């Protein structure tokens with residue numbers, strides 16, 4: 001499957017958002033805190049050629065808006081707002097998880113220290129929660145206010161999901177349902193906010209707004225489960241990670257929690273402690289024999305189907321709607 | 337001087353804000369993240385009888401609004417918003433400064449770990465930046481939006497001040513002017529936002545809004561300098577700290593930076609390294625002989641006078657205006 005992210009419309013959207021993000025961060029700091037600005041620029045991937053994020057979230061917001069109005073340009077700032085909020089949460093996540101690398105680059109806290117990185121995250125969060133207000137020179141104040149409140153509520157859900165995620169590391173009794181609730185906050189809430197706000201700013205009817213929200217929510221859930229699947233059964237040459245890397249890292253992902261739900265050879269081994277790289281493939285096979293691989297795939301397929309159903313409820317059959325469907329399938333079918 | 341904080345009007349304001357804060361935090365978390373809610377309740381001082389903050393910032397906002405409209409009750413939520421933002425910044429500050437105690441209680445990060453405390457701060461920040469929107473059922477949407485944008489801009493200034501503060505610890509070339517710019521972000525911006533928003537929500541004329549802003553700004557600057565003064569020359573029996581405790585802690589406060597501006601016996605000793613408790617009083621005397629005590633006092637008096645002048649420009653001579661003057665003098669003349 002070719003990457004639809006290279007479609008001319010998506011390339012155009014991505015560069016509009018990138019430009020707006022750069023300008024926003026460039027214009028927000030006085031001389032005395034220029035180094036704080038540079039920290040944000042480093043995290044955003046602008047200080048070297050290595051890696052910017054894929055900016056998936058802005059594209060989802062803009063594409064929903066394009067489908068409903070044909071005028072994505074009028075809400076670029078909302079897409080930037082969400083990308084800044086997403087990146088604020090990455091900066092703080094990396095500190096919380098002690099992650100030293102992201103996209104093959106040293107993480108911000110590892111580069112500037114925990115204290116300055118917490119503060120840089122706070123600055124990016126503040127800018128994100130301001131950005132959407134730039135829309136009031138064009139759009140109705142009530143629509144912007146509604147979108148702001150959705151974003152703010154989403155941020156609260158992010159912290160609730162993050163609380164659970166950190167708590168799960170210490171707990172032995174986490175269930176697959178707990179996990180779905182946790183990713184409902186962590187991964188899903190922000191993706192659902194993208195698609196919902198794209199519709200809200202189009203002044204969409206309630207049933208359209210709801211369908212857009214459901215599209216994003218199911219897309220987010222499916223996306224996380226595909227990630228979990230690939231973290232164990234993905235081909236190293238396609239994921240860029242070692243075999244069953246999530247097992248080696250001890251991640252309590254969805255398939256692992258399915259495997260741990262009963263007493264079996266996988267759960268017996270898991271409880272003995274850290275899994276070594278040499279045994280990872282064997283233990284992935286043990287986990288598969290519990291039915292966890294099939295369960296994860298079928299749950300991911302279920303959410304994918306619900307996402308596509310919700311999409312068809314509001315998107316019609318314009319070229320942009322087809323592009324969104326392609327993008328969705330591409331995001332959710334990475335190599336399985 | 338008796339503490340005007342016990343005036344019946346201020347007691348009434350304080351308990352209205354406290355009730356609103358408690359309700360807000362109580363209603364914001366689902367069962368699965370109840371422990372996150374408890375972290376905020378611990379930080380706010382509600383889990384034991386030891387110490388809640390003085391809630392000075394909410395009182396300033398409400399009192400400005402009362403002076404201008406006679407109806408402080410209509411903006412309680414704005415006062416809560418600012419108190420939540422203030423406390424978010426304290427939670428993150430304590431991590432950044434590695435402070436283990438605040439008001440004689442163990443700080444949140446020391447109790448729950450850095451990762452969860454960063455997240456709890458993020459949650460409180462989010463709630464603070466939402467709270468002010470509750471006013472739109474009563475007040476004009478444009479006034480609320482303007483107040484929100486002031487708060488948001490203030491948060492950005494907080495991060496800029498915090499960046500400078502953390503950076504100063506490592507630098508040897510900080511000047512007293514750099515320091516005033518830093519506290520302009522850290523201490524002052526939020527106090528100025530209180531008095532400005534109190535006026536904005538009263539739909540005040542521009543000259544009144546500006547006078548209220550200047551009142552808060554000068555009050556904030558004076559407040560910090562009084563704090564710096566007392567941290568070196570305050571009487572232990574009144575400050576509750578040891579003699580010249582800021583010198584022992586190596587704080588680059590305003591008087592220290594005045595002393596370091598030239599070569600003298602104080603600056604020679606400072607450069608030799610950590611000051612011991614036994615020599616603190618002697619070194620405070622060395623610092624005084626450089627003129628730093630007099631400079632700090634006269635700078636604080638200057639800002640105090642400017643604050644009182646600004647207050648008289650918008651406050652008139654109502655009983656509430658007199659109460660605000662009393663509160664200002666009390667905040668700025670603690671024992672000097």
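Chains as they are written, first to last, in the numbering used here: chain A, 1 to 336; chain B, 337 to 672.
Here a beta-carbon is modelled for each residue, glycine too, at the ideal position from N, C-alpha and C.
Quick caveat, the model's predicted, so the values are computed rather than measured.
- Contact between the region 226 to 246 of chain A and the region 259 to 273 of chain A is absent: fewer than 3 CB-CB pairs across the two stretches fall below 8 Å.
- Membership of residue 31/A in any alpha helix (DSSP H) is not indicated, and neither H nor E is assigned to it by DSSP.
- A direct Cα-to-Cα measurement between residue 376/B and residue 66/A gives close to 41 Å.
- Of all residues in the region 425 to 438 of chain B, the ones placed with a Cβ closer than 9 Å to any Cβ belonging to chain A are 425, 428, 431, 432, 433, 434, in chain order.
- Taking every protein chain shown into account, the CB of residue 209/A has 16 or more other CB atoms within 10 angstroms, so this residue is buried.
- Residue state for residue 105/A is assigned as strand, using DSSP reduced to three classes.
- Less than 7 Å divides the Cβ of residue 529/B from the Cβ of residue 490/B.
- Contacts with chain A at 7 Å (Cβ-Cβ) include residue 517/B.
- Residues 391, 394, 412, 415, 416, 419 of the same chain have their beta carbon placed closer than 7 Å to that of residue 353/B, with the five preceding and five following residues left out of the count.
- The beta carbon of residue 539/B does not come within 7 Å of any beta carbon belonging to chain A, so the residue lies off that interface.
- In the three-state scheme derived from DSSP, where H, G and I count as helix and E and B as strand, residue 597/B is classed as coil.
- Taking CB atoms only, residue 297/A has no neighbour in chain B less than 7 Å away.
- In the DSSP assignment, residue 130/A falls within the alpha helix (DSSP H) that extends over 114 to 131.
- Judged by DSSP in its simplified three-state form, residue 65/A adopts helix.
- A contact between stretches requires three or more CB pairs, one per stretch, nearer than 8 Å, and the region 299 to 315 of chain A meets this requirement with the region 212 to 223 of chain A.
- The Cβ of residue 115/A sits closer than 7 Å to at least one Cβ of chain B.
- Counting along the chain, residue 629/B sits inside the alpha helix (DSSP H) bounded by residues 628 to 651.
- By the CB criterion at 7 Å, residue 488/B and residue 130/A fall inside the cutoff.
- A residue is called buried when at least 16 other Cβ atoms come within 10 angstroms of its Cβ; residue 2/A does not meet this threshold and is exposed.
- Annotated three-state conformation of residue 510/B is coil, per DSSP.
- Secondary structure of residue 43/A (DSSP, three-state): helix.
- Of the residues 396/B, 380/B, 600/B, the one whose Cα lies closest to the Cα of residue 389/B is 380/B.
- A Cβ-Cβ contact shorter than 7 Å links residue 141/A with residue 477/B.
- Taken atom to atom, the span from the alpha-carbon of residue 35/A to that of residue 197/A is near 33 Å.
- Residue 159/A sits close to residue 459/B, with the two beta carbons spaced by under 7 Å.
- Where residue 563/B is concerned, the enclosing alpha helix (DSSP H) starts and stops at 542 to 569.
- Residue burial is scored here from C-beta neighbours: residue 500/B has at least 16 other C-beta atoms within 10 angstroms and is therefore classed as buried.
- By the 16-neighbour rule on beta-carbons within 10 angstroms, residue 320/A is buried.
- Residues of the region 125 to 157 of chain A with a C-beta atom less than 8 Å from some C-beta of chain B are 125, 126, 127, 129, 130, 133, 136, 141, 142, 145, 148, 149, 152, 153, 155, 156, listed in chain order.
- At a cut-off of 7 Å between beta carbons, residue 221/A makes no contact with chain B.
- Chain B has a Cβ within less than 7 Å of the Cβ of residue 123/A.
- By the rule that beta-carbons nearer than 7 Å mark a contact, residue 33/A touches chain B.
- Residue state for residue 54/A is assigned as coil, using DSSP reduced to three classes.
- Secondary structure at residue 588/B: coil, using DSSP grouped into helix, strand and coil.
- Neighbours of residue 364/B in chain A, taken as residues at a C-beta separation under 8 Å, are given in chain order as 156.
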